[in-house]
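Chains A and B, in that order, are what the protein sequence lines are. Residue 476 in the working numbering sits at position 476 of the first sequence; the count goes up by one each step and never skips. Residue 862 in the working numbering sits at position 333 of the second sequence; the count goes up by one each step and never skips. Each residue gets a CB set at the ideal place from its N, CA and C atoms; glycine is no exception. Values in this document were obtained by computation on a predicted structure and should not be read as measured data.
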Amino acid sequence: MYVKFVGGLFIPSFLEEEILSMDYAVEMLGIRKEFPGVVANDDITLQLKRGEIHALLGENGAGKSTLMGILFGMYQADRGTIRVNGKEVRIANPNVANRLGIGMVHQHFKLVDTFTVTENIILGSENSRWGFVLDTRSASRRIAELSRRYGLNVDPDAKIEDISVGMQQRVEILKMLYRNADVLILDEPTAVLTPQEIQELGAILKNLIQEDKSIILITHKLKEIKAFADRCTVIRRGKTVGTVEVAAASEAAMAEMMVGRQVSFKVEKKPASPGDAVLQIDSLSVKNNKQVLGLNGVSLEVRSGEIVGIAGVEGNGQSELVEAVTGLRKTESGGIRLKGKDISGLSIRDRNESGIGHIPEDRHKRGLVLDYTLAENMVLEVYHRDPFSRNGILNKSAIRSYAERIIGSYDVRSGQGAASVARSLSGGNQQKAVIGREIEGDPDLLIAVQPTRGLDVGSIEYIHKRLIEHRDRGKAVLLISLELDEVLNVSDRIAVLNNGELIGVVEASETNENELGLMMAGVRKGETA
Amino acid sequence: MRNTIVSLLAVVFGLLAGAILMAVTGHNPIEGYTYLMQGGLKNTERLGNTLATATPLIFTGLSVAFAFRTGLFNIGAAGQMLIGGLCATAIGLTFDWPRTVLLAAMVLAGFIGGAVWAFLPGLLKAKYNVHEVVSTIMLNWIAFWTVNYAVPAYFKAESLETESRILPEAATLRVPGLTEMFDGSYINLGIFLGLIAVIVMAFLIDRTTLGYELKAVGFNRHAAEYGGIAVNRSIVVSMLISGGLAGLGGMVQYTGNAANIQIGILPSQGFDGIAVALLGANSPVGVLLAAIFFGLLYSGRGFMNAMTEVPPEIADSIIAIIIYFAATSILIERLVRRFKGRLPLNRSGTAPQQGKGE
Numbered sequence: 001m002y003v004k005f006v007g008g009l010f011i012p013s014f015l016e017e018e019i020l021s022m023d024y025a026v027e028m029l030g031i032r033k034e035f036p037g038v039v040a041n042d043d044i045t046l047q048l049k050r051g052e053i054h055a056l057l058g059e060n061g062a063g064k065s066t067l068m069g070i071l072f073g074m075y076q077a078d079r080g081t082i083r084v085n086g087k088e089v090r091i092a093n094p095n096v097a098n099r100l101g102i103g104m105v106h107q108h109f110k111l112v113d114t115f116t117v118t119e120n121i122i123l124g125s126e127n128s129r130w131g132f133v134l135d136t137r138s139a140s141r142r143i144a145e146l147s148r149r150y151g152l153n154v155d156p157d158a159k160i161e162d163i164s165v166g167m168q169q170r171v172e173i174l175k176m177l178y179r180n181a182d183v184l185i186l187d188e189p190t191a192v193l194t195p196q197e198i199q200e201l202g203a204i205l206k207n208l209i210q211e212d213k214s215i216i217l218i219t220h221k222l223k224e225i226k227a228f229a230d231r232c233t234v235i236r237r238g239k240t241v242g243t244v245e246v247a248a249a250s251e252a253a254m255a256e257m258m259v260g261r262q263v264s265f266k267v268e269k270k271p272a273s274p275g276d277a278v279l280q281i282d283s284l285s286v287k288n289n290k291q292v293l294g295l296n297g298v299s300l301e302v303r304s305g306e307i308v309g310i311a312g313v314e315g316n317g318q319s320e321l322v323e324a325v326t327g328l329r330k331t332e333s334g335g336i337r338l339k340g341k342d343i344s345g346l347s348i349r350d351r352n353e354s355g356i357g358h359i360p361e362d363r364h365k366r367g368l369v370l371d372y373t374l375a376e377n378m379v380l381e382v383y384h385r386d387p388f389s390r391n392g393i394l395n396k397s398a399i400r401s402y403a404e405r406i407i408g409s410y411d412v413r414s415g416q417g418a419a420s421v422a423r424s425l426s427g428g429n430q431q432k433a434v435i436g437r438e439i440e441g442d443p444d445l446l447i448a449v450q451p452t453r454g455l456d457v458g459s460i461e462y463i464h465k466r467l468i469e470h471r472d473r474g475k476a477v478l479l480i481s482l483e484l485d486e487v488l489n490v491s492d493r494i495a496v497l498n499n500g501e502l503i504g505v506v507e508a509s510e511t512n513e514n515e516l517g518l519m520m521a522g523v524r525k526g527e528t529a
Numbered sequence: 530m531r532n533t534i535v536s537l538l539a540v541v542f543g544l545l546a547g548a549i550l551m552a553v554t555g556h557n558p559i560e561g562y563t564y565l566m567q568g569g570l571k572n573t574e575r576l577g578n579t580l581a582t583a584t585p586l587i588f589t590g591l592s593v594a595f596a597f598r599t600g601l602f603n604i605g606a607a608g609q610m611l612i613g614g615l616c617a618t619a620i621g622l623t624f625d626w627p628r629t630v631l632l633a634a635m636v637l638a639g640f641i642g643g644a645v646w647a648f649l650p651g652l653l654k655a656k657y658n659v660h661e662v663v664s665t666i667m668l669n670w671i672a673f674w675t676v677n678y679a680v681p682a683y684f685k686a687e688s689l690e691t692e693s694r695i696l697p698e699a700a701t702l703r704v705p706g707l708t709e710m711f712d713g714s715y716i717n718l719g720i721f722l723g724l725i726a727v728i729v730m731a732f733l734i735d736r737t738t739l740g741y742e743l744k745a746v747g748f749n750r751h752a753a754e755y756g757g758i759a760v761n762r763s764i765v766v767s768m769l770i771s772g773g774l775a776g777l778g779g780m781v782q783y784t785g786n787a788a789n790i791q792i793g794i795l796p797s798q799g800f801d802g803i804a805v806a807l808l809g810a811n812s813p814v815g816v817l818l819a820a821i822f823f824g825l826l827y828s829g830r831g832f833m834n835a836m837t838e839v840p841p842e843i844a845d846s847i848i849a850i851i852i853y854f855a856a857t858s859i860l861i862e863r864l865v866r867r868f869k870g871r872l873p874l875n876r877s878g879t880a881p882q883q884g885k886g887e
C-alpha cells in the first residue's frame, strides 16, 4: 500500500500511518485543542518527513501557533497523538520537547544583548554540564565547529548587540543545533531580514536538511514557501485544509487554500497623478534613542495623490523619520513643512489638526490604549472636539455612534462592538480599527507604518485597497514597511534608507527587488556591490 | 463585577484569618467579632462615630485611587493631609469671617495645601522622571517637620506645647443638628464633603475630557502622547487633584473629627488610604464602601477591647491582613478563575484569537 502526496490529498487511514510512521520525524495526528470559547485546533494532522522542509501555512488565528505550541510542549492537546520517530510521546513541557530533539526559533529572538554568542547559546544548559565552573572555551569550540559544518559563519565570541539581525537569527539556529535538535521549528523567520539575507537563510536551511535535520517553517509568505519548502500543510480556522507538494502547487492555489477564496496578489491601481507637495522634508537630522544621529540629512517630498514608500531594513532611520514628522521626537536640524507651512515647532496635537494621520508602527505601544474600549480608542485624537465633547464633558453617545461607524465600514470584529475593550480584539481587528480611525480623519498626509504587520493575506489586500483609495482622493500617503513586496506593490515612488541616510528615490515601476535590496544594504544606484 | 468578588473575598479571608488569630490566642472569635460589630454599629452614636472615622479615609482613599487610575502611586497622602489640615486650621484660627465663608475658605485652603504638596512630586516626575513613590514619601517627613515647627511657633495652645489652639466653633465642621441626631457623636459635615467628593471624582474620571486624558496617560502614556495629550501636564494635574483630595482629608480630620492639629504624628489615614483604594478597586463607590468598612473596624476595635480580652492589636492585625489580601488581589483573582474551572492562560495561550507577530 502506498500513498502519493499530490495536491490536497490526505493520508487516508490510521493503519497506513502506522506503516508509514518510520519515515516521519514528527507526526501530529488528529490534534484538537480548545480554549475557552474557541476551538483553536480541530482534528489537525501534520506529518513531517525526515530531511524535509515542511511549511505550515495559515492566516492569523488559523491555529498555527497553537499547533506548534503543542508540539513544543507549551500546551497539551485535548485529543490526538504525537509521534516522534514513530514512537508515541507526551510532551508535557518545552524541556521534554528539547530532550526529544525538537527546537524552536521564535519570531522575536530570545537573546541577551550584552552576552556573547557563546554565552547566549549555553544559557540554561551551562551548569548541568560543567558544575559551577563555567567553561565557555569548550562550548565556544563546539559552536565554532557547528557553525562551520552548517555554513552559518557565526563568530562565537561576538556580542549580540554588535551583530546584525540576520546573524542573531543564526545564533538562534545554532542554539538549537547545540542542543542536538533534529526537528527545527522556525516561526516567521524572514520577517526581519533583507532579501539577500533571506536568500542566505534559504541556503542555510538546505544545508541543515542535508545533514538530516527536519524543518517546520511557519509562515504566511507564499513566495518563500515556493523557494524553500518541499511540502506545505495548509490550515484554516483550526482545521487542516490539506498537504501539498510545493513543486506541484501554484502560489495562487495555496493562497486559495489558506483564505478559502481567490486572492489577488497584484494590487490594482491606476497610475498616480501627483499634485502639489504636501510634505516637504529638508535635510532633516534626528537623534535616536542612543543619542546619536539616527537620521542624517534626509530630504524627501510627498505630493498629493501619490504614495511614497520607504524601504529599508528595520532600524535604519524609519522610526526617527516618522517620529520627527509626527512630533513624537525632537529634530536636531532641518525643516518639515506640511502644505507649505513649517510644522517643525508644533505640538503633536497641532500637527494632527493640521492634517497628519498616523498609523503607528506598534499598535500596542502607540496606536491603542488597550484598556480603553474601542469607542474610547476611536476618539483618541479628536475627543476634545465637538461633538465628542462640549465644555470638557464627554458626549458618550456621539463617541459611540462615531466608533460604530468606523467599526462598520472597516469591518472591525469584536465581541461587544464599540463597548469591547481593545485588548480583547485580535491583532488584525485592532489594526483595522487603528487604520479606520486614521483614514476616517481624512488627513492630507497619511503616514502608514507597517500597516499590515502580522496580518493575513485577506486583510492585507483590504488595507492596501484603502491606502490606494486614500491616494485617489488626492491625499498624500507615506508608507513605511519592512516588507519589500508591500513597498513595491503599493508605492508610486520608493525612497530607500540605510543607516539613517537616504540612499536614493526610485520610481516603483522602474525598479525591482534586487536593486532595492542592494540599496537597502547601502549601495547607491550606479555603484557596484 | 470581578473586582467586587475579589474585594469581598479579601474581606472574608481577612476576617477568617483574624478569627484564627483570635482562636489561637485563646479567645472566642464569634464573641470578638460580635463586639467588634456592636462597637461600630450598636447605637446611633457609635454609627455616627463609624462614619466620622471613615470620613478622612474616604478622602485619602479617593486620593490614592485617583492617582492609581492615572498611573501614579501617591504614597504621600499623609503629608498632604498634614499640610491641608495645617492650612485649613490656620485659616480657621486667623480669620473671624461669617461661618459659611470661613468654612468655604478652609475647604479651599485644605485642598490647595494638599495640592501644593503633591505638585512638587508631580513636577519632578514630569520633568525629570523622578519616581513619585520616592518623592512623595520623602515629602511626608518634610510635612511632618513643617507642622512640628509651624504649630508651636504660630498657633500654640495656651497650656500644651504639642497642640494648636482649639478652633472656635464656627471654624469646625461640627454642627449641633448632626451631633444631636447621632446622640453626641463626633460626626460632622465632613461626611457630606466626602460624599460630594465621591460623586465629583466619579464624574471627573468617567465623564470629562480631563478624566479621559488622565486615564489614557495612566493606561498607556505612549498612546496618550501619540493622541496629542500633553502627558507631562497630565501627570502634574493628576498629582494636584490627588494631593488636593488628601489635603481635604486632613481638613476634615483636624477641623471636623478633631478641633485642632497636633504635632508629632504622621496621620495613619494617609497610609490607610492605600488600603482603602486597593480594597475599593480604585472606583469612587468602592472607595466609599471600603472606607466605611475600615471606619467600622477602627471604631469597633475599642469596644471589642473593652468587652473581651481580645487585645486591640488583634483588630489592627485583622485590618493588616485584609490590606494584605486586597493588595495581593491578583492571587485572589487567580483563585476566582480556578474556581470557575478556567485554567489561567498566558497571552500566547489565546493565540487563536490574537494576531501573530506582535
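The beta-carbon distance between Gln609 (chain B) and Ala810 (chain B), rounded to whole angstroms, is 22 Å. This is too long to meet the 8 Å contact definition.
Taken through DSSP and simplified to helix, strand or coil, Ser401 (chain A) comes out as helix.
A direct Cα-Cα distance of roughly 9 Å separates Ile534 (chain B) from Glu862 (chain B).
If only uninterrupted alpha helix (DSSP H) runs of at least 4 residues are considered, those enclosed by the region 386-465 of chain A are 396-409, 427-440. Chain-ordered, the chain B residues with CB closer than 7 Å to the CB of Ser389 (chain A) read Thr738. Fewer than three pairs of CB atoms, one per stretch, sit closer than 8 Å, so the region 176-192 of chain A makes no contact with the region 156-164 of chain A.
Here Asn391 (chain A) is exposed, its C-beta having fewer than 16 other C-beta atoms within 10 Å.
By the neighbour-count criterion, in which a residue is buried when 16 or more other Cβ atoms sit within 10 angstroms of its Cβ, Trp646 (chain B) is buried. Leu689 (chain B) sits away from Leu702 (chain B), with the two beta carbons spaced by 8 Å or more. Approximately 17 Å separates the beta-carbon atoms of Val490 (chain A) and Met520 (chain A); this is outside 8 Å, ruling out the contact.
Contact note: Lys365 (chain A) reaches chain B through Asn749, His751, Ala752, Tyr755, using a C-beta cutoff of 9 Å and chain order. The CB of Asp371 (chain A) comes closer than 7 Å to the CB of Phe748 in chain B, given here in chain order.
His358 (chain A) has A:Ile447 as its beta-bridge partners, per DSSP. Relative to Leu488 (chain A), the option among A:Pro387, A:Thr511, A:Pro36 whose CA is nearest is A:Thr511.
The beta carbon of Gly417 (chain A) is closer than 7 Å to those of Glu404, Ile407 in its chain, skipping five residues each way along the sequence. At least 8 Å separates the beta-carbon of Leu174 (chain A) from that of Leu338 (chain A). Counting along the chain, Ser664 (chain B) sits inside the alpha helix (DSSP H) bounded by residues 661-683. For Gly335 (chain A), the enclosing beta strand (DSSP E) begins and ends at 333-338. The three-state reading of DSSP puts Gly802 (chain B) in helix, counting H, G and I together. DSSP, reduced to helix, strand and coil, places Asp342 (chain A) within a strand of the structure shown. Boundaries of the beta strand (DSSP E) around Gln280 (chain A): 277-287. Taking 8 Å as the cut-off, the Cβ atoms of Leu631 (chain B) and Ala700 (chain B) count as close.
Under DSSP, Asn41 (chain A) shares a beta bridge with A:Lys33.
With distances taken between CA atoms, Gly103 (chain A) lies nearest to A:Lys213 out of A:Lys213, A:Ala203, A:Glu440.
A contact between stretches requires three or more CB pairs, one per stretch, nearer than 8 Å, and the region 739-747 of chain B fails this requirement with the region 666-684 of chain B.
Using a CB distance cut-off of 8 Å, Ala810 (chain B) does not count as an interface residue toward chain A. Here the region 313-332 of chain A makes contact with the region 346-362 of chain A; the two share three or more CB pairs at distances below 8 Å. Proximity to Ala97 (chain A) across A:Leu467, A:Ile82, A:Ser389, A:Lys110 peaks at A:Ile82, based on C-alpha coordinates.
Inter-residue distance for Ala806 (chain B) and Val540 (chain B) is about 14 Å (C-alpha atoms, whole angstroms). Look at Gln291 (chain A) here: in three-state DSSP terms it is coil, with no helix or strand label.
The beta carbon of Leu380 (chain A) falls within 8 Å of a beta carbon belonging to chain B, placing the residue at that interface. For the region 399-425 of chain A, the set of residues with a beta-carbon nearer than 9 Å to any beta-carbon of chain B comprises Ser424, Leu425, in chain order. Distances from the CA of Ala731 (chain B) to each of B:Leu696, B:Gly793, B:Val814, B:Gly590 were compared; the closest alpha carbon is that of B:Val814. For Arg236 (chain A), the pairing in a beta bridge is given by DSSP as A:Lys239. 8 Å or more divides the Cβ of Ala606 (chain B) from the Cβ of Asn786 (chain B). Considering only beta carbons, the part of the region 340-368 of chain A lying closer than 9 Å to chain B consists of Ser347, Ile348, Arg349, Asp350, Arg351, Asn352, Glu353, His358, Pro360, Asp362, Arg363, His364, Lys365, Arg366, Gly367, Leu368, in chain order.
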